[in-house]
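**Student:**
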Amino acid sequence: GYWQVKLEEKSMDPCSFLINGRNYSFKRMPFGLNISGSEFQKSMDMVLGTLLQSFVTIYVDDILITSENEDSHYEHIKMVLERFDKYNVTVNIDKCQFFRKQVSFLGHIISTEGIKMDIDKINTIQ
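Residue numbers (this note's numbering): 110 to 235.
1. Is residue 209 helix, strand or coil by DSSP?
2. Please list the segments of the beta strand (DSSP E) lying wholly inside the segment 154 to 221, counting only runs of 3 or more residues, in order along the chain.
3. Alpha carbon to alpha carbon, what distance is there between residue 194 and residue 147?
4. Going by the beta-carbon positions, is the gap between residue 198 and residue 156 smaller than 7 Å?
5. What does DSSP give as the partner residues of residue 223 in its beta bridges?
6. To the nearest whole angstrom, what separates the beta carbons of residue 227 and residue 218, a pair I think is in contact under 8 Å?
7. Mapping DSSP to helix, strand and coil, what is residue 149?
8. Within its chain, find whatever has a CB closer than 6 Å to the CB of residue 175; leave out the 5 residues flanking it on each side and keep chain order.
9. Determine which residues share a DSSP beta bridge with residue 127 and list them.
10. Indicate whether residue 208 and residue 173 have their beta-carbon atoms separated by less than 7 Å.
11. In angstroms with no decimal places, state the Cα-to-Cα distance between residue 182 and residue 221.
12. Taking the beta carbon of residue 126 as the centre, do at least 16 other beta carbons fall within 10 Å, making it buried, or is it exposed?
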């Protein structure tokens with residue numbers, strides 16, 4: 110996700126590095142900068158805008174789309190993908206899960222029954 114965020118011209122120089130006597134500069138935000146996470150989050154907030162208030166939850170590069178039924182879920186997915194297309198955001202389709210009745214998100218299991226702790230996470234810390 111981070112590679113999709115273009116660096117401003119003034120940010121390229123501090124993100125440059127030297128290899129074999131040649132200077133290279135990132136043109137896109139590299140992973141690992143202390144501001145990468147917050148800048149990526151800001152850019153995704155801008156891309157998804159008002160969708161975040163209604164049916165989209167995002168944490169860094171994990172996106173959750175919630176809907177009341179399959180028809181509205183289809184429309185919600187379509188709206189998110191249209192926003193991504195408009196702002197040239199790419200997604201890894203292999204990492205996507207659509208039309209799930211239950212998902213694990215940020216250490217919780219979210220389903221039609223509500224939200225509960227992920228038992229695998231609880232077992233890990235016991």
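By construction, the Cβ of each residue, glycine as well, lies at the ideal position given by its N, Cα and C atoms.
**Tutor:** Once the coordinates are examined:
1. coil
2. 165 to 168, 171 to 174, 211 to 214, 217 to 220
3. 22 Å
4. yes
5. 220
6. 5 Å
7. helix
8. 164
9. 132
10. no
11. 13 Å
12. exposed
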